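Numbering (this note's numbering), first residue to last: 451 to 690. Positions of the beta carbon are idealized from the N, C-alpha and C atoms, including for glycine. On a predicted model such as this, the values are computed, not experimentally measured, just so you know. For reference, the structure is listed below as structure tokens.
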Ligand code: SF4
């Protein structure tokens, strides 16, 4: 699947200093502000989806495990050769850990990732009849699958809204937009699950990841083209 990109160049505008942006004071104002955020994300990324290329839930699980501390672009370069060499889940279960680690070396943390992939394949074969499980409780028993990975796989491969994916982008953007005051991913996810309607969880996760990559970057966010500037009072806005 291709990365969602913004279709047309965004118009540049003067950035509103954070102190001049009024904070919502009532539940109604918070609701209206959230609607504005969701509407703008829909406008920017109407079809946002996972950028990791895959053919089925198992391939997506592998790609998501490999994507830890690595870019999706790098993972997408590695996985075609990997799935050619190890076409079935059984091939991963029977792989030599050292050899598999070398095959995924360029994604970083390759020894840990190789151990996770082999462990995941063996667990799914022994406990789940070779099928990636479809509940978060079961998926969390699979080596290498923490909540972020489980939410990606369930949401993207099965369309099951088990939670909100909280990666580094969702973490940062949620804090800047004051959708959470927490810093731990698990608590941020709880905040987002309370605020965002469940039917939006899957799309919202992918939209915010794309928004964080393309507009609200970690360093020097592009506030001068960001449609959320009028309602954003993040202290680290880029004013110049
Ligand atoms: S890009 Fe700037 S204005 Fe937009 S959400 Fe991020 S910090 Fe706020």
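Put simply, the stretch 595 to 611 does not touch the stretch 453 to 472. Fewer than three CB pairs are less than 8 Å apart. The alpha-carbon of residue 485 is positioned some 27 Å away from that of residue 607. Straight-line measurement puts the Cα of residue 559 at about 22 Å from the Cα of residue 621. Of the heavy atoms belonging to the ligand SF4, none sits nearer than 8 Å to the Cβ of residue 488. Going by DSSP, residue 546 is part of no alpha helix (DSSP H) at all; its letter is neither H nor E. For residue 626, the enclosing alpha helix (DSSP H) covers residues 618 to 626.
Relative to the ligand SF4, even the nearest heavy atom lies 8 Å or more away from the CB of residue 456. Within 10 angstroms of the beta-carbon of residue 680 lie fewer than 16 other beta-carbons, which makes it exposed. At least one heavy atom of the ligand SF4 lies closer than 8 Å to the C-beta of residue 665. Nearest C-alpha to residue 568 among 474, 674, 549: 549. The C-beta separation of residue 600 from residue 589 comes to about 4 Å, placing the pair in contact by the 8 Å criterion. The way I'd put it, the stretch 476 to 483 doesn't touch the stretch 646 to 659; fewer than three beta-carbon pairs between them come closer than 8 Å. Distances taken from the Cβ of residue 535 to the heavy atoms of the ligand SF4 include none shorter than 8 Å.
In the assembly as shown, residue 684 is a buried residue. Its beta-carbon has 16 or more other beta-carbons within 10 Å. The stretch 570 to 585 makes contact with the stretch 506 to 518, as at least three CB pairs between them are under 8 Å. Taking a C-beta distance under 9 Å as the contact criterion, residue 539 and residue 575 qualify as a contact pair.
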